[in-house]
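Asker: In my numbering, the protein residues as written are 11 to 430.
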């Protein structure tokens with residue numbers, strides 16, 4: 011894997027690819043998958059209990075949906091700390107011997123990387139969300155030689171790649187006993203971190219720590235800050251994310267592949283975790299997870315944690331879970347067929363979405379998001395200057411903001427009329 015001109019890690023071909031496309035067989039965006047591995051729907055039947063579990067077209071196979079947090083790990087996490095709690099339990103109960111997750115890295119040109127940890131202390135170091143490109147390349151080479159089983163934490167496309175690798179390599183299927191899926195709003199380029207670092211008042215790339223989600227417990231869950239420390243100072247340089255504008259709905263610094271992913275909720279993981287962007291949970295600045303359990307083991311871990319007063323969780327309706335990720339479902343599923351039409355890509359992986367008629371304002375939003383995503387990457391690559399970047403991106407972001415505001419107003423009126 012190597013960096014490309016847009017700040018993403020991409021695979022570098024090291025040999026000749028066979029006619030059966032074996033070299034991309036574990037790629038989550040493989041446009042030529044086997045029929046039995048066509049989409050997440052087919053793959054899930056090979057790993058999850060499709061008999062005892064319920065099924066929903068937006069959630070996939072699942073046992074239960076919850077909202078809540080870990081009493082011990084909440085404050086040191088980006089959200090409710092459930093990922094850290096589950097990782098700890100997997101180690102304590104000796105279900106696995108190692109947890110594979112993302113931590114700060116000392117490698118040159120890599121602020122973060124996947125690592126293999128076997129202690130609660132090591133798990134605690136991976137408690138925060140990292141909006142930075144990483145690869146499983148190095149740790150995957152070591153899994154089969156480890157003297158114990160592993161659990162892996164990853165976003166939906168990573169979990170899919172893991173499942174495909176398990177199918178291809180039976181040893182990995184035996185070794186990887188549990189997966190924790192983190193709901194993803196889109197992979198960010200390393201330019202995202204460079205931009206925020208400058209906005210926080212730091213010009214140096216010599217950073218000792220980066221925190222993308224510094225909570226404000228006196229405010230709401232979305233009112234978090236980005237912060238960095240440099241190698242020559244322990245002072246925290248931070249900035250409220252609301253002051254830099256919408257980094258997610260606009261598509262700024264996002265990978266193009268993310269606009270062709272329809273797996274919002276990590277459908278192939280044993281347990282899926284995200285932020286509870288719904289009331290009343292969103293009003294709590296300490297952070298709350300929404301949770302989907304997809305295996306009996308995952309559900310039992312949560313039930314035991316509740317009984318032992320280690321977790322504060324409550325069941326929520328599946329509609330509430332979907333509502334908590336409404337923006338992502340709308341963009342990545344409802345509007346996907348339109349983006350496919352707009353795309354000039356020759357090959358795309360099979361998708362499960364059906365063609366949908368979109369209102370004119372939604373089509374405009376989709377076109378502007380595509381332009382904004384690409385422009386943000388090329389503009390930063392050419393300037394590497396936050397002030398110049400803001401000035402050059404301002405006109406297109408203003409257009410997108412205005413049409414999005416109109417769309418939200420229109421939707422609000424429609425929702426009120428439906429209640430009459």
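We treat Cβ as the ideally placed atom computed from N, Cα and C, and that holds for glycine.
This structure is a prediction, so every number in the text was calculated from the model and none was measured.
Compare the C-alpha of residue 355 against each of 223, 77, 39 and 292 and name the closest.
Answerer: As a position in the chain shown, residue 355 is number 345, starting the count at 1. Closest option to residue 355, Cα to Cα, is 39.
Asker: Looking only at its own chain, which residues have a Cβ that is under 7 Å from the Cβ of residue 94, when we skip the five neighbours before and after it?
Answerer: Here residue 94 refers to the residue found at position 84 of the chain shown. Correct list, in chain order: 80, 83, 87, 133, 134 and 137.
Asker: Check whether the Cβ atoms of residue 160 and residue 169 sit closer than 8 Å, and answer yes or no.
Answerer: Translated into the one-based positions of the chain shown, residue 160 becomes position 150. Translated into the one-based positions of the chain shown, residue 169 becomes position 159. It is not a contact, given that the beta carbons lie outside the stated cut-off.
Asker: For residue 216, which residues in the same chain have their Cβ closer than 8 Å to its Cβ, ignoring the five residues on either side in sequence?
Answerer: Residue mapping note: residue 216 aligns to position 206 of the chain shown, counting from 1. Cβ within range, chain order: 240, 241 and 242.
Asker: What would DSSP say about residue 26, mapped onto helix, strand or coil?
Answerer: For the purposes of this step, residue 26 is taken as the residue at position 16 of the chain shown. Note: residue 26 maps to coil in three-state DSSP.
Asker: Using CA coordinates, which residue listed in 42, 96 and 72 is at the minimum distance from residue 316?
Answerer: What you label residue 316 is simply residue 306 of the chain shown in a count that begins at 1. The shortest Cα separation from residue 316 among 42, 96 and 72 belongs to 96.
Asker: Pull the bridge partners of residue 282 from the DSSP assignment, please.
Answerer: The residue you call residue 282 lines up with position 272 of the chain shown. Residue 282 pairs with 191 and 302.
Asker: Closer than 8 Å is the cut-off here; do at least three beta carbon pairs connect the region 398-411 with the region 369-383?
Answerer: Flag = yes, the region 398-411 and the region 369-383 touch.
Asker: Between the Cα of residue 286 and those of 327, 247, 256 and 358, spot the shortest distance and give me the residue it belongs to.
Answerer: Mapped onto the chain shown, residue 286 falls at position 276. If we check each option's Cα against that of residue 286, 327 comes out closest.
Asker: Can you find the residues in the same chain that come closer than 7 Å, C-beta to C-beta, to residue 403, ignoring five residues on each side of it along the sequence?
Answerer: Residue mapping note: residue 403 aligns to position 393 of the chain shown, counting from 1. Correct list, in chain order: 385, 386 and 389.
Asker: What residue range does the alpha helix (DSSP H) around residue 181 cover?
Answerer: Residue numbering aside, residue 181 sits at position 171 when the chain shown is read from its first letter. Run containing residue 181: 180-185, per the alpha helix (DSSP H) assignment.
Asker: Relative to the C-alpha of residue 116, which candidate in 108, 179 and 125 has its C-alpha closest?
Answerer: On the chain shown, residue 116 is found 106 positions in, with the first residue counted as 1. Selected option, being the one with the closest Cα: 125.
Asker: What is the rounded straight-line gap between the Cα of residue 272 and the Cα of residue 321?
Answerer: As a working note, residue 272 is residue 262 in the chain shown. As a working note, residue 321 is residue 311 in the chain shown. Roughly 30 Å between the two C-alpha positions.
Asker: I'd like to know whether the C-beta atoms of residue 171 and residue 18 end up nearer to each other than 8 Å.
Answerer: Indexing the chain shown from 1 puts residue 171 at position 161. Indexing the chain shown from 1 puts residue 18 at position 8. Contact: no.
Asker: On the criterion of 16 or more Cβ atoms from any shown chain inside 10 Å, does residue 238 qualify as buried, or is it exposed?
Answerer: The count along the chain shown starts at 1 and reaches residue 238 at position 228. The residue in question, residue 238, is buried, as its Cβ has 16 or more Cβ neighbours within 10 Å.
Asker: Which residues does DSSP list as the beta-bridge partners of residue 164?
Answerer: As a first step, residue 164 is located in the chain shown; it is residue number 154 there, counting from the start. For residue 164, which the question treats as bridged, DSSP gives the partners 191.
Asker: Can you list, in chain order, the residues of its chain whose CB lies under 6 Å from that of residue 258, leaving out five sequence neighbours each side?
Answerer: Here the question's residue 258 lines up with position 248 in the chain shown. If we look at residue 258 and ignore the five residues flanking it on each side, its Cβ neighbours are 195.
Asker: Report yes if the C-beta distance between residue 363 and residue 335 is below 8 Å; otherwise report no.
Answerer: Along the chain shown, read from residue 1 onward, the residue named residue 363 stands at position 353. Along the chain shown, read from residue 1 onward, the residue named residue 335 stands at position 325. No, the Cβ-Cβ distance between residue 363 and residue 335 is not below 8 Å.
Asker: Can you tell me where the beta strand (DSSP E) holding residue 248 begins and where it ends?
Answerer: Within the chain shown, residue 248 is the residue found at index 238, counting from 1. Here the beta strand (DSSP E) through residue 248 covers 247-250.
Asker: Nearest to residue 24 by CA position, among 58, 15, 11 and 16, is which residue?
Answerer: For this step, residue 24 is matched to residue 14 along the chain shown. With distances taken between Cα atoms, residue 24 lies closest to 11.
Asker: By how many angstroms is the C-alpha of residue 70 removed from the C-alpha of residue 62?
Answerer: Position 52 of the chain shown, counting from 1, holds the residue named residue 62. Position 60 of the chain shown, counting from 1, holds the residue named residue 70. About 13 Å.
Asker: Note down, one range per segment and in chain order, each beta strand (DSSP E) of at least 3 residues found wholly within the region 186-241.
Answerer: Those beta strand (DSSP E) runs which fall completely within the region 186-241 and span 3+ residues are 186-192, 217-224 and 235-240.
Asker: Quick one: Cα of residue 188 to Cα of residue 323, how far?
Answerer: Within the chain shown, residue 188 is the residue found at index 178, counting from 1. Within the chain shown, residue 323 is the residue found at index 313, counting from 1. The straight-line gap from Cα to Cα measures roughly 21 Å.
Asker: Cβ of residue 303 within 8 Å of Cβ of residue 59?
Answerer: Working through the chain shown from its first residue, we reach residue 303 at position 293. Working through the chain shown from its first residue, we reach residue 59 at position 49. No, they are not a contact pair.
Asker: Enumerate in chain order the residues of its own chain whose CB-to-CB distance from residue 211 is below 6 Å, with the five nearest sequence positions on each side excluded.
Answerer: The sequence position of residue 211 within the chain shown is 201, counting from 1. Taken in chain order, the residues that qualify are 247.
Asker: Measure how close the beta-carbons of residue 374 and residue 413 come, nearest whole angstrom, since I'm counting them as under 8 Å.
Answerer: Numbered from its first residue, the chain shown carries residue 374 at position 364. Numbered from its first residue, the chain shown carries residue 413 at position 403. Right, their Cβ atoms sit about 5 Å apart.
Asker: Tell me which residue opens and which closes the alpha helix (DSSP H) that residue 350 is part of.
Answerer: For the purposes of this step, residue 350 is identified with residue 340 of the chain shown, where counting begins at 1. Start and end: 346-352.
Asker: For residue 19, write down the residues that DSSP places opposite it in a beta bridge.
Answerer: Here residue 19 is taken as the residue at index 9 of the chain shown, counted from 1. Note: residue 19 sits in a beta bridge opposite 13.
Asker: Taking the straight line between their C-alpha atoms, what separation do you get for residue 369 and residue 348?
Answerer: Position 359 of the chain shown holds residue 369. Position 338 of the chain shown holds residue 348. Their Cα atoms are separated by approximately 11 Å.
Asker: Which residue spans inside the region 292-336 form an unbroken beta strand (DSSP E) run of at least 3?
Answerer: Counting only runs of 3 or more, we get 299-303 and 321-325.
Asker: Is it right to say residue 203 is buried, meaning 16 or more other beta carbons lie within 10 angstroms of its own, or is it exposed?
Answerer: By 1-based counting over the chain shown, the position of residue 203 is 193. By the neighbour-count rule (16 or more Cβ atoms within 10 Å), residue 203 is buried.
Asker: Out of curiosity, what's the CA-to-CA distance linking residue 32 and residue 43?
Answerer: Within the chain shown, numbered from 1, the residue matching residue 32 stands at position 22. Within the chain shown, numbered from 1, the residue matching residue 43 stands at position 33. When rounded, the distance between both Cα atoms is 10 Å.
Asker: Strictly by DSSP, which residues pair up with residue 77?
Answerer: Walking along the chain shown from the start, residue 77 turns up at place 67. Looking at the DSSP assignment, residue 77 forms a beta bridge with 300 and 324.
Asker: With a Cβ-Cβ cutoff of 8 Å, do residue 100 and residue 177 count as a contact?
Answerer: On the chain shown, residue 100 is found 90 positions in, with the first residue counted as 1. On the chain shown, residue 177 is found 167 positions in, with the first residue counted as 1. No; because the gap between Cβ atoms is not below 8 Å, this pair is not in contact.
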